[in-house]
Amino acid sequence: MKKKSKTWEKILQERINRHTKSTSLRNRYQADFRKRGVVKGKLLYDRVCKCLGGVIPKEFLEVGCGIGDICIWFAKQGVDTLGIDIVQEVVDIGNLRKKEESLNNLNFMHLDISKSTAPRKYSFIMCVDVLEHINNDADAVRNMALSLREGGHIYLSVPNKFSLFYIFNDPHYHVPFVALMRQKWANVIVSKLLRRNTGVDVQKLYSRSDIKHLCYSVGYNIQ
Numbered sequence: 010m011k012k013k014s015k016t017w018e019k020i021l022q023e024r025i026n027r028h029t030k031s032t033s034l035r036n037r038y039q040a041d042f043r044k045r046g047v048v049k050g051k052l053l054y055d056r057v058c059k060c061l062g063g064v065i066p067k068e069f070l071e072v073g074c075g076i077g078d079i080c081i082w083f084a085k086q087g088v089d090t091l092g093i094d095i096v097q098e099v100v101d102i103g104n105l106r107k108k109e110e111s112l113n114n115l116n117f118m119h120l121d122i123s124k125s126t127a128p129r130k131y132s133f134i135m136c137v138d139v140l141e142h143i144n145n146d147a148d149a150v151r152n153m154a155l156s157l158r159e160g161g162h163i164y165l166s167v168p169n170k171f172s173l174f175y176i177f178n179d180p181h182y183h184v185p186f187v188a189l190m191r192q193k194w195a196n197v198i199v200s201k202l203l204r205r206n207t208g209v210d211v212q213k214l215y216s217r218s219d220i221k222h223l224c225y226s227v228g229y230n231i232q
């Protein structure tokens with residue numbers, strides 16, 4: 010008898026359960042995923058089109074695509090789309106969702122942008138709330154630039170560690186004020202003292218000036 014394959018929803022649920030010990034935190038992650046699936050893809054697509062003066066990009070690359078919500082939305086608008094992530098499990102989820110949606114212009118790939126460039130060049134690259142998890146951030150943004158077509162654009166977004174919203178409602182650990190701590194102490198307090206194993210590894214939190222300096226250091230022009 011052939012073993013029944015797991016659905017992407019089942020794989021995602023198992024992933025959430027593995028990485029969240031607290032019931033309240035698990036519920037928070039589940040709510041975040043549901044909300045993101047409904048809202049985030051459309052919101053960012055509309056924002057990209059506005060930034061480009063109403064022009065729809067021909068090719069779209071998402072760095073740190075996760076389970077593929079944003080990629081799926083772009084692909085549904087007819088954009089040639091690739092999502093890359095360093096976690097094979099979420100890449101597998103993305104490919105299952107691609108098959109479910111019958112999107113031939115969508116692909117997902119296991120790739121570490123801090124170590125290599127994308128397999129070809131793209132006219133628009135997006136990296137949302139991912140850079141803070143990458144140890145070699147300068148290498149990552151440099152490889153994004155090398156993966157960009159001439160005249161293309163990169164949309165780079167990270168949480169601002171000085172934002173009042175994030176100070177009181179940290180997006181990674183869901184603990185107030187950890188954004189103001191040194192990162193190594195924040196990791197110790199959350200994982201050892203509070204025992205909230207979120208499965209999240211944050212390498213660095215950025216201020217606005219930090220991210221501008223990083224981008225200028227690898228030759229970006231900031232708009």
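With this note's numbering applied, the sequence shown covers 10 to 232.
Where a beta carbon is used, it is the ideal one built from N, C-alpha and C, also for glycine.
- Of T126, R217 and F117, the smallest CA-CA separation from P168 is found for R217.
- Scanning Q22, S156, E98 and M190 for the CA closest to the CA of S123 turns up S156.
- Within the region 132 to 158, no beta strand (DSSP E) run of at least 3 residues lies entirely inside it.
- Classified as buried, P66 has 16 or more neighbouring CB atoms from the shown chains inside 10 Å of its CB.
- From the listed residues K213, G161, R191 and G87, the smallest Cα separation to F133 is found for G161.
- Beta-carbon to beta-carbon, I79 and K49 are separated by about 6 Å, close enough to satisfy the 8 Å threshold.
- E71 places its beta carbon less than 7 Å from that of M135.
- Leaving aside the five residues that flank R158 on each side, the residues in its chain whose CB is nearer than 6 Å to its CB run, in chain order, K130 and S132.
- A residue is called buried when at least 16 other Cβ atoms come within 10 angstroms of its Cβ; A147 does not meet this threshold and is exposed.
- The continuous alpha helix (DSSP H) containing N104 extends over residues Q97 to E110.
- DSSP, read as helix, strand or coil, puts G228 in coil.
- A direct Cα-Cα distance of roughly 28 Å separates I95 from Q232.
- In the three-state reduction of the DSSP assignment, I20 falls in the helix class, which pools H, G and I.
- Cα atoms of D138 and R191: separation of roughly 19 Å, rounded to the nearest angstrom.
- Excluding its 5 nearest sequence neighbours in each direction, K51 has C-beta neighbours in its own chain below 7 Å: W82, listed in chain order.
- Under the DSSP assignment, D121 falls outside any beta strand (DSSP E); it carries neither an H nor an E label.
- In the three-state reduction of the DSSP assignment, L91 falls in the strand class, which pools E and B.
- In the three-state scheme derived from DSSP, where H, G and I count as helix and E and B as strand, N114 is classed as coil.
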